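Structure record follows, encoded as structure tokens.
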Amino acid sequence: MRRYAYLITRPETDPDREGDRRVMSRGVETDPCGQGPRVLAEQLLIRNRIEHSYYDGPRRCEIWPYSEGAPLPRLAPVGAEQYDD
Numbered sequence: 001m002r003r004y005a006y007l008i009t010r011p012e013t014d015p016d017r018e019g020d021r022r023v024m025s026r027g028v029e030t031d032p033c034g035q036g037p038r039v040l041a042e043q044l045l046i047r048n049r050i051e052h053s054y055y056d057g058p059r060r061c062e063i064w065p066y067s068e069g070a071p072l073p074r075l076a077p078v079g080a081e082q083y084d085d
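To convert, note that position 31 of the sequence shown is 31 in UniProt numbering; the numbers rise steadily by one, no gaps.
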């Protein structure tokens, strides 16, 4: 089973930080059915929308293969796949 690290962000609402993104969630997930990062990202976005129902704006999930023991970065690495909700 492949493991993926992910980062879910939303646009920054502070006008002084326009263009920045605010982190809503990050972590590591296992893809038990081998459906690939796109399906896993869709599931993560759905879960995030439920867990953070106070925010109804756009979200982005960036996802990449995870190497066991690697620290989770604050920003997604170059080459991470991006899926917008």
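Ideal Cβ placement from N, Cα and C applies to all residues, glycine included.
Here the structure is a predicted model, which is why all the values come from computation and not from measurement.
Item: Which residues mark the beginning and the end of the beta strand (DSSP E) in which residue 7 is found?; Value: 2–11
Item: Write down the C-beta distance between residue 40 and residue 8 rounded to the nearest angstrom, noting that I regard them as a contact closer than 8 Å.; Value: Actually they are not in contact, since the Cβ atoms of residue 40 and residue 8 sit about 12 Å apart, beyond 8 Å.
Item: Counting only runs that start and end within the stretch 9–75, where is the beta strand (DSSP E) found for 3 or more residues in a row?; Value: 21–31, 60–65
Item: Which partner residues of residue 84 appear in the DSSP bridge assignment?; Value: 60
Item: Go through its chain and collect everything with a Cβ distance to residue 25's Cβ below 8 Å, but skip five positions before and after it.; Value: 6, 7, 8, 44, 48, 51, 52
Item: Tell me, to the nearest whole angstrom, how far the beta carbon of residue 81 is from that of residue 62; I am working on the premise that it is less than 8 Å.; Value: 7 Å
Item: Please name the residue, chosen from 37, 58, 59, 85, that lies closest to residue 79 on a Cα-to-Cα basis.; Value: 37
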